[in-house]
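Notes follow the structure.
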Amino acid sequence: KRTQLSFLKMYDQGLIYQGIHPVNWCPRCETAIAFAEVEYSDNTTFLNYVNFPPADVPDDVLANVEGNSYVRYADCPEKADASVPGVLIATTRPELMSACVAVVVHPDDERYNSLLGKYVEVPLSGQKVKIIADEEVDMEYGTGAVMICTFGDKTDVAWVNKYDLDVIEAISEQGILTEAAGRYEGMELPDAKKQTIEDLKAEGYLTKQEEVDQNVGQCWRCKTPIEILVKKQWFVAVTKMIDESKKASNEMRWVPEHMESRLLNWADSMEWDWCISRQRLFATPIPVWYCKECGKVMLPDEDQLPIDPTVDKPKHACECGCTEFIGEEDVLDTWMDSSISPLSVADWPNPGWEDIFPSSIRPQGHDIIRTWAFYTTLRCLALTGQKPFDDIVINGMVFGEDGYKMSKSRGNVTGPEEVISEYGADPLRLWAANSVPGSDVAFDWKNIKHGYKFIRKFWNAFRFISMHIFDEESEKALSGDIEAIKANLNPMDTWIFAKLNKVNKIVDEAFYDYNYSIAVNTIEQFVWHDFCDEYIEAVKYRLYNDDISEESRIAAKYTLRTVIEDTLKLLAPIAPFFAEEVYQYFGHEGSIHNELWPEIDPKLDSTQVEEDGDLAIELIGEVRRFKSASKIPLNADVESATVYLNEKTEDLKDVFEYFADDIKGTLKIQNFQVTTGKPEVHEKVIEIEPDMSKIGPTFKKNAGQVIGFIKSTAPDEIAKQLAENGEIAIADGVITEDFLKMKKEIVGASGKKVDILQSEKLGVIVEVIR
569 KRTQLSFLKM YDQGLIYQGI HPVNWCPRCE TAIAFAEVEY SDNTTFLNYV
619 NFPPADVPDD VLANVEGNSY VRYADCPEKA DASVPGVLIA TTRPELMSAC
669 VAVVVHPDDE RYNSLLGKYV EVPLSGQKVK IIADEEVDME YGTGAVMICT
719 FGDKTDVAWV NKYDLDVIEA ISEQGILTEA AGRYEGMELP DAKKQTIEDL
769 KAEGYLTKQE EVDQNVGQCW RCKTPIEILV KKQWFVAVTK MIDESKKASN
819 EMRWVPEHME SRLLNWADSM EWDWCISRQR LFATPIPVWY CKECGKVMLP
869 DEDQLPIDPT VDKPKHACEC GCTEFIGEED VLDTWMDSSI SPLSVADWPN
919 PGWEDIFPSS IRPQGHDIIR TWAFYTTLRC LALTGQKPFD DIVINGMVFG
969 EDGYKMSKSR GNVTGPEEVI SEYGADPLRL WAANSVPGSD VAFDWKNIKH
1019 GYKFIRKFWN AFRFISMHIF DEESEKALSG DIEAIKANLN PMDTWIFAKL
1069 NKVNKIVDEA FYDYNYSIAV NTIEQFVWHD FCDEYIEAVK YRLYNDDISE
1119 ESRIAAKYTL RTVIEDTLKL LAPIAPFFAE EVYQYFGHEG SIHNELWPEI
1169 DPKLDSTQVE EDGDLAIELI GEVRRFKSAS KIPLNADVES ATVYLNEKTE
1219 DLKDVFEYFA DDIKGTLKIQ NFQVTTGKPE VHEKVIEIEP DMSKIGPTFK
1269 KNAGQVIGFI KSTAPDEIAK QLAENGEIAI ADGVITEDFL KMKKEIVGAS
1319 GKKVDILQSE KLGVIVEVIR
């Protein structure tokens, strides 16, 4: 109904009309199609060099020729001699020579100056055509002489109109040559082309062939090469609205910005109006009747819509008095429906449609900018005087795992149901959201699995947290005075809130810019690393340790719950099913998708706290990595840890001391200190074994005496003598360190064994006593 109504309104404005005009035609679909529906395919073909011999046209025949009209074979049957050089034409479509109406050359091409205005004979079909000049001819292509056929391409149409040339209809709607093709009548175009070339060779017209690359227009639906036929069709007067449409496009925000150039370039290239009638069975009927008596176009009243003119009848008689009508059998191009989608959403033209028009956003692929985007802009502008939407977001195509665009014909399609059945909908959405606006994206199972692992990671984090916040006591405490709870936040709590606030800002901006990949990656990094790997590990001691105050424990639980809830809200537009399911565990009555965007608490929005917390997290990470490398359980107690600073890092003292409780609690450190200088450490020999491979050959029969001395003497005593003298005299010989296997350890000022960690990233030294 709306499509037909829009047709009537644009018809009344003079923007829709019926006319006889060359149109793009698909012989297989047997319908006209718009230029925007023409796809182009690269292939190779032969450029055929054909001699058009000079023709003598009697004066009495020329007297009856108007302008640049051709001379029919019947009017001048004298056959020219094929062996006499005339004009050599280079053509890729010799099968259209029967529709040749002129030969055109460039006015500056000296090769043909003497031939201008003269006639040549078209081989095989026999008509005589005039040689004319036009600056659009490319002198470098082929021979620089071109036959004008009706119609080989758009250029032929332009020349026919420019010079008022005759039209020979040599191709039928089915792509079969007509009676005008003479001996080739009834042949399909490929067969006619093959036979024409054979005949040109046999009769001496074809001088040579050369292979060339060709860009062929084809039907977007069936991939059949299109032809240009003269047909009575319905058109939208696109060329009247080019400038207005471009202006409306400039008023919209394009994401990415450079995609607008595709629409503008397409608009600038429009030379023909949009053919909107289709010779198909199923589509919106064109709401038109024709008077059976006088042929006048009759339109329905608006209150009659929708109508099928082949079934319904007009309310009124024709002006001529006739009451019999013929309904239009053609239907509208499907883009006539699609191009008013923003108006359909707004319920145009019913009251209130202006309140939600223009639409806020149009998401679409880059492959239909010249159709959906362009036609929507033009049509909404014609019907409302406004742009159709505020923002237009362009997505790319999905490529299969083989690196080619997904298509059934290539067999590289992975259906969404296949992904959803194994991993669920949210991992698929996470993969899709990771694409960049305007860019093509390759499907990859690895990325689907990554999204699934992220969902599992988040789910496991929630399960851990749920064990601590859903008991009756915790729920009661967390429903109390929130400001009092926030007053007891630990430094690590304030750090994760600062991180969350930063994520909130980045995601908010990314959504505004439709840069979903930034939103997804930012949320993933935060959940996976900052929240799960760092904060949850740093907060466990406050959940399990009975020595922790109840205020601190409740603050930790509040932080865990709030971070989970707010992060779910950030994630909800991308992973709606997971977000909704987890959110409902918190006892909310409504959907998460009806909630407001999480607010940022200015008291917890601190870049300094975030940066300081990052330093504390890095220190915790250094010690945890040491524990792991030393095969010490991460939950094992550490007697002490001392951080040594230098002049360049002494400002870290306040940072580490501020986070001291969280550092101690996370790492299970009993004593934690921060100081300046260097640790006082030295090596201590704790075990010495004789090296039999050295002692035996050197001391021979006295080897036993040497071994006995080593085993009976304290390791530190042997080490002392070696340090003072470099050797020890025994059994008529001496031993040095080379005769010994020593086991050493680093000892601190307290005399206890220590481990020294050097953090290049922080620029500090950590002394650890296990």
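Here the sequence shown stands for residues 569 to 1338, numbered as in the numbering used here.
Just so you know, even glycine gets a beta-carbon here, dropped at the ideal spot from N, CA and C.
Let me check understanding here. Comparing Cα to Cα, which of the options lies closest to residue i?
| i | options | result |
| --- | --- | --- |
| I700 | M707, Q777, N681 | N681 |
| D1259 | E1285, T1244, K1311 | K1311 |
| C1100 | K1073, Q1176, T1135 | T1135 |
| G743 | V725, V735, L664 | L664 |
| K1288 | N1089, E1251, G1316, N1028 | E1251 |
| I1237 | I1132, L1308, N1214, Y1109 | Y1109 |
| E1186 | E1149, L1330, M838, L576 | L1330 |
| E779 | A941, T982, N611, N1089 | N611 |
| Q695 | E646, E678, L683 | E646 |
| K1216 | I1275, T1130, F1307, E1328 | E1328 |
| N963 | D970, A941, E969, V981 | A941 |
| I1200 | W916, E703, I1337, T764 | I1337 |
| E1102 | W1063, T1090, N1089 | W1063 |
| L774 | N1270, L615, Y972 | L615 |
So residue i packs on residue j, CB below 8 angstroms; how close in whole Å?
| i | j | result |
| --- | --- | --- |
| P853 | V899 | 6 angstroms |
| C843 | I908 | With 8 angstroms as the limit, C843 and I908 do not qualify as a contact, their Cβ atoms being about 18 angstroms apart. |
| A604 | R938 | 5 angstroms |
| F946 | F925 | It is Leu, not Phe, that sits at residue 946 in the sequence shown. So it is not a contact: roughly 16 angstroms between Cβ atoms. |
| V1332 | Y1226 | At roughly 15 angstroms, the Cβ-Cβ gap does not stay under 8 angstroms, so V1332 and Y1226 are not in contact. |
| A658 | T711 | 5 angstroms |
| M965 | D1008 | 5 angstroms |
| D767 | G635 | With 8 angstroms as the limit, D767 and G635 do not qualify as a contact, their Cβ atoms being about 31 angstroms apart. |
| V652 | V639 | With 8 angstroms as the limit, V652 and V639 do not qualify as a contact, their Cβ atoms being about 18 angstroms apart. |
| T613 | Q872 | No, T613 and Q872 are not in contact; Cβ-Cβ is about 51 angstroms, not under 8 angstroms. |
Is it true that the CB of residue j sits closer than 7 angstroms to the CB of residue i?
| i | j | result |
| --- | --- | --- |
| I1383 | N592 | Residue 1383 lies beyond the stretch modelled for the chain, which goes from 569 to 1338, so this question has no answer here. |
| A1123 | D1061 | yes |
| P855 | Q572 | yes |
| V865 | S609 | no |
| V669 | V705 | no |
| V735 | V798 | yes |
| V987 | S1085 | no |
| E1345 | T1244 | This structure does not reach residue 1345, given that the chain is present from 569 up to 1338, and the question cannot be answered. |
| N1069 | D1180 | no |
| K1137 | P1166 | yes |
| L832 | K808 | no |
| I794 | C594 | yes |
| S1208 | N1239 | yes |
| V1322 | E1335 | yes |
| I1314 | V1249 | yes |
| E1178 | K1067 | yes |
| L745 | A760 | yes |
| I1037 | R1129 | yes |
| I765 | P662 | yes |
Quick one: residues in its chain with C-beta nearer than 8 angstroms to the C-beta of residue i, no 5 flanking neighbours on either side, listed in chain order?
| i | result |
| --- | --- |
| D1081 | V823 |
| C890 | C859, K860, E861, C862 |
| F1079 | A1087, P1141 |
| T1090 | V1071, I1074, V1075, A1078 |
Whose C-beta lies closer than 7 angstroms to the C-beta of residue i among residues of the same chain, with five residues either side of it excluded?
| i | result |
| --- | --- |
| G654 | N619, F620, P621, P622, V688 |
| F1032 | I1104 |
| M820 | K955, F957, D958, D959, I960 |
| C790 | C594, R596, C597 |
| Y641 | S693, G694, Q695 |
Counting only beta-carbon separations shorter than 7 angstroms, does residue i have a partner in chain C?
| i | result |
| --- | --- |
| I1200 | Included in the structure is just one protein chain, with no chain C present. |
Return the chain-ordered list of same chain residues with a C-beta closer than 6 angstroms to the C-beta of residue i, the five sequence neighbours on each side being excluded.
| i | result |
| --- | --- |
| Q1241 | T1210 |
| Y1367 | Outside the displayed range of the chain (569 to 1338) lies residue 1367, so it cannot be described from this structure. |
| A648 | P621, A623, E689 |
Practice item. At 3 residues or longer, and completely inside the stretch 761 to 810: list those beta strand (DSSP E) runs for me, N to C. Key: 774 to 787, 795 to 804
Practice item. Just list the alpha helix (DSSP H) runs in the stretch 1140 to 1220, keeping only unbroken ones of 4 residues or longer that don't cross its boundaries, in chain order. Key: 1144 to 1152, 1175 to 1197
Practice item. With a floor of 3 residues, list each beta strand (DSSP E) that falls wholly inside the stretch 1211 to 1283, ordered by position along the chain. Key: 1237 to 1244, 1250 to 1258
Point to revise | Ranges of the alpha helix (DSSP H) found wholly within the stretch 1103 to 1143, counting only runs of at least 4 | key: 1105 to 1112, 1118 to 1139
Point to revise | Inside the stretch 849 to 880 only - beta strand (DSSP E) runs reaching at least 3 residues | key: Assignment of beta strand (DSSP E) within the stretch 849 to 880, counting only whole runs of 3 or more residues, yields 857 to 859 in chain order.
Practice item. Quick one: which unbroken beta strand (DSSP E) runs of 3-plus residues sit fully inside the stretch 601 to 654? Chain order, please. Key: Annotation note: the stretch 601 to 654 contains the following uninterrupted beta strand (DSSP E) runs of length 3 or greater, listed N- to C-terminal: 606 to 620.
Check your understanding: Curious, which full-length beta strand (DSSP E) runs of at least 3 residues does the stretch 1005 to 1071 contain?
Key -> none
Exercise for review: Please list the segments of the alpha helix (DSSP H) lying wholly inside the stretch 875 to 952, counting only runs of 4 or more residues, in order along the chain.
Suggested key: 902 to 906, 909 to 913, 942 to 952
**Study point:** 3 or more residues per run - each beta strand (DSSP E) lying fully within the stretch 972 to 1011
**Key:** none
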